[in-house]
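*Asks:* Plus 460 on top of the position in the sequence shown (first one is 1) and you've got our numbering.
A virtual CB, placed ideally from N, CA and C, is assigned to each residue, including glycine.
Below: one structure in structure tokens.
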Amino acid sequence: MQILFIISEVEDIIKTGGLADVGKSLPLALAELGHDVRIVMPYYRQVADTFALSDAISQQVLHVNHHSYHYQVKQLSLDNVPVYLIDHEYFSQALTPYTDTSVANNAQKFSLFSLCAVCASHELGFKPDIVHVNDWHTAMVPYFLKSDYFQRNDLLSDPHWFAHSRVIISLHNAAFQGIEGLDQVGILDHIDASKVYNHNGFLNMLKTGILYADKTCPVSPTYARELFTELGSHGINDVIGKVGDKVVGVLNGCDYSQWDPSSDPLIPANFSVDDMKGKARCKTALQRKNKLPRSSKTPVFGMVCRATRQKGFDYLLPILEEMLSHNVQLVIMGTGESRITNELARIATAYPEKMSFVEDFLPEMAHLIEAGSDFFLMPSEFEPCGLNQMYSLAYGTLPIVRKVGGLADTVVDISEENGNGFAFDEPTPTALISCIRRAIILFLEDKVAFNNIKQEAMKIRFTWLKAAEEYVKVYTR
461 MQILFIISEV
471 EDIIKTGGLA
481 DVGKSLPLAL
491 AELGHDVRIV
501 MPYYRQVADT
511 FALSDAISQQ
521 VLHVNHHSYH
531 YQVKQLSLDN
541 VPVYLIDHEY
551 FSQALTPYTD
561 TSVANNAQKF
571 SLFSLCAVCA
581 SHELGFKPDI
591 VHVNDWHTAM
601 VPYFLKSDYF
611 QRNDLLSDPH
621 WFAHSRVIIS
631 LHNAAFQGIE
641 GLDQVGILDH
651 IDASKVYNHN
661 GFLNMLKTGI
671 LYADKTCPVS
681 PTYARELFTE
691 LGSHGINDVI
701 GKVGDKVVGV
711 LNGCDYSQWD
721 PSSDPLIPAN
731 FSVDDMKGKA
741 RCKTALQRKN
751 KLPRSSKTPV
761 FGMVCRATRQ
771 KGFDYLLPIL
781 EEMLSHNVQL
791 VIMGTGESRI
801 TNELARIATA
811 YPEKMSFVED
821 FLPEMAHLIE
831 AGSDFFLMPS
841 EFEPCGLNQM
851 YSLAYGTLPI
861 VRKVGGLADT
871 VVDISEENGN
881 GFAFDEPTPT
891 ALISCIRRAI
901 ILFLEDKVAF
911 NNIKQEAMKI
921 RFTWLKAAEE
931 YVKVYTR
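Next up, the structure:
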């Protein structure tokens, strides 16, 4: 199949979060399966500063709603997969990809990107069977392709170019939806108000994309089910309910080339299922690095994440000092909301021999926490897919998770068959501390079972090739 993959960031080119991992790994896996994949992304200022790229085609002009938008299409190759980058002042002049709205608001910025992406595909002569878009940034693509927008604005020399294309939208985090006043999105006009998702004069880009897409793919089966509920949908259950038969959850993969304890260059000692001695050395190094007493008999809990409510800090902070009353050590790294980071810093200062808080994100420390911890905390309020629980399993670091989204699809409680971690349902501090205590008991009282579970966990793999195969099934349907 010919697949046009449109996304706002791609690892190795620019990365602000986990979306970039998908932007690189999924297209490469699809190409490995034999499909013709082309990636389209914005040509941000940071990308221009890093890469000197040539033009793929001559300068393009879009005449829309009494405005003319001039843009260029840059090109590079990512492991032999072509990447086209839309070069417009909205991206090249903004200081940051998302937070700088001085040039244009995000809805206008990414609506224009979406329009340029599909028009560029036409000008490049690439007629896709599948157009795969991701999150709110590219959610206007289904609207442009499936409504009468192109016909009304006469933008394509061949108006039937996309007649047989099917559009998939992946939902990586439906909490972010791209909401802006319709009068602030210049490429739309008054006629569009009745054709897009319009609530009291405000455009919702994500809901618009879901309504027009041929398939909607949340990034885990459990997250897909949660989006049908009022509590777990971030408010999009109204449109999810309308397109219910088009919703298919597909679990993300993990890039094990970067997260493999047997070859990881960022940890002090490598280890594997067959030789675990290096994990003990990593634990000692983690304790030393964080000025914690070196002890193999004390369970170490790790946590690497943004310090936000989503990551479960409303469950963790109320019981944190109670947790530290046990014979445990805790290392947390992350940045985010000051109310959370300030409290973490306060508690770490009060318990210097039990807790370390690193208010930063350091790749080497992230890998050391995964490798040197015995348990990894992910008590998320919601988690569309999650990656750290996959990393943790690969490093024999048993995850402690709330049973939501992709965490429920990847972590099985040790009370069940093939258990590989600890899971709780109830969104309360009490449920979390109970789960933590079960982990402490396993560590202290049943070393044989603990070591067996660790080694079985390390054999589990959630590959991007498997994810790509599942997406191909969706494409084929």
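Taking C-beta to C-beta, are SER680 and CYS845 nearer than 8 Å?
*Replies:* Contact: yes.
*Asks:* Who are the Cβ neighbours of SER581 in its own chain at under 6 Å, not counting the five residues just before and after it?
*Replies:* Excluding sequence neighbours, SER581 sits near LEU464.
*Asks:* Within its chain, find whatever has a CB closer than 7 Å to the CB of PHE910; leave out the 5 residues flanking it on each side and keep chain order.
*Replies:* Within the same chain, PHE910 has close Cβ partners LEU902 and PHE903.
*Asks:* For the segment 588-627, list the alpha helix (DSSP H) runs that are entirely contained and at least 4 residues long, ordered along the chain.
*Replies:* Qualifying alpha helix (DSSP H) stretches, in chain order: 600-606 and 609-613.
*Asks:* Can you list, in chain order, the stretches of the alpha helix (DSSP H) that have 4 or more residues and sit fully within the segment 500-543?
*Replies:* DSSP runs (the alpha helix (DSSP H)) wholly in the segment 500-543: 505-510.
*Asks:* From ARG897 to LYS751, what does the alpha carbon distance come to, in whole angstroms?
*Replies:* When rounded, the distance between both Cα atoms is 24 Å.
*Asks:* Between the C-alpha atoms of GLY477 and MET838, what's the straight-line distance to the nearest angstrom?
*Replies:* Computed Cα separation, rounded: 17 Å.
*Asks:* To the nearest angstrom, how far is it from the Cα of LYS926 to the Cα of SER785?
*Replies:* If I take the Cα positions, the gap works out to 43 Å.
*Asks:* Along the alpha helix (DSSP H) that carries ASN566, what are the first and last residues, could you check?
*Replies:* Element bounds for ASN566: 566-583.
*Asks:* For the candidate residues PRO542, LEU486 and VAL578, whose alpha-carbon lies nearest to that of TYR531?
*Replies:* Of the listed residues, the one whose Cα sits closest to TYR531 is VAL578.
*Asks:* Measuring straight from C-alpha to C-alpha, what distance separates THR888 and VAL871?
*Replies:* So the two alpha carbons sit approximately 19 Å from each other.
*Asks:* Short check: CB of VAL934 to CB of VAL707, under 8 Å?
*Replies:* No, these two residues do not count as a Cβ contact at 8 Å.
*Asks:* Between which two residues does the beta strand (DSSP E) holding CYS942 run?
*Replies:* The displayed coordinates of the chain run from 461 to 937. Any statement about residue 942 would go beyond what the structure contains.
*Asks:* Kindly indicate the opening and closing residues of the beta strand (DSSP E) around VAL699.
*Replies:* VAL699 -> not in any beta strand (DSSP E); alpha helix (DSSP H) instead, spanning 697-702.
*Asks:* Might you give, ordered along the chain, the residues of its own chain that have their beta carbon closer than 6 Å to the beta carbon of HIS597, omitting 5 neighbours on each side?
*Replies:* Taken in chain order, the residues that qualify are SER468 and PHE570.
*Asks:* Distance, Cα to Cα, ASP509 vs VAL760?
*Replies:* C-alpha separation (whole angstroms): 41 Å.
*Asks:* Taking buried to mean at least 16 other C-beta atoms within 10 Å of its own C-beta, is ASN664 buried or exposed?
*Replies:* Looking at its Cβ environment, which holds 16 or more other Cβ atoms inside 10 Å, ASN664 is buried.
*Asks:* If you count every other CB in all the chains shown that lies within 10 Å of the CB of ASN848, and 16 or more means buried, which is it?
*Replies:* Burial call: buried.
*Asks:* Using three-state DSSP, classify HIS827 as helix, strand or coil.
*Replies:* It is helical.
*Asks:* Using the Cα positions of ASP496 and ALA567, report the straight-line distance between them to the nearest angstrom.
*Replies:* Each residue's Cα considered, the two are about 30 Å apart.
*Asks:* With 16 other CB atoms within 10 Å as the buried threshold, where does GLY881 fall?
*Replies:* When all chains shown are included, GLY881 counts as buried.
*Asks:* Could you give the distance in angstroms between the alpha-carbon of ILE913 and the alpha-carbon of ASN878?
*Replies:* Distance between the alpha carbons of ILE913 and ASN878: 9 Å.
*Asks:* Count the CB pairs spanning the segment 476-493 and the segment 712-730 that are closer than 8 Å, and state whether there are at least three.
*Replies:* Short answer: they touch.
*Asks:* Within the same chain, show all residues whose beta-carbon is closer than 7 Å to that of LYS587, passing over the 5 residues directly before and after it, in chain order.
*Replies:* Closer than 7 Å at the Cβ level, and outside the excluded window around LYS587, lie GLN462 and TRP621.
*Asks:* Could you name the residues of the same chain whose beta carbon sits closer than 6 Å to that of PHE636, not counting the 5 residues immediately before and after it, in chain order?
*Replies:* If we look at PHE636 and ignore the five residues flanking it on each side, its Cβ neighbours are TRP596.
*Asks:* Closer than 6 Å by C-beta to PHE817: which residues in its own chain qualify, once you throw out the five before and the five after it? Chain order, please.
*Replies:* If we look at PHE817 and ignore the five residues flanking it on each side, its Cβ neighbours are ILE792, LEU804, ALA805 and ALA808.
*Asks:* Measure how close the beta-carbons of LEU892 and LEU776 come, nearest whole angstrom, since I'm counting them as under 8 Å.
*Replies:* LEU892 to LEU776, Cβ: 6 Å. Contact.
*Asks:* List the residues that DSSP assigns as beta-bridge partners of CYS714.
*Replies:* In DSSP, CYS714 forms a bridge with THR923.
*Asks:* Exposed or buried, which one is SER654 when buried takes at least 16 other CB atoms within 10 Å?
*Replies:* Exposed, because fewer than 16 other Cβ atoms sit within 10 Å of the Cβ of SER654.
*Asks:* Please name the residue, chosen from LEU584, ASP674, LEU555 and MET501, that lies closest to GLN520 on a Cα-to-Cα basis.
*Replies:* Here the closest residue by C-alpha is LEU584.
*Asks:* For my contact list, PHE842 and GLY865 are in at a C-beta cut-off of 8 Å; report their separation, rounded to the angstrom.
*Replies:* Contact holds; Cβ gap of about 6 Å.
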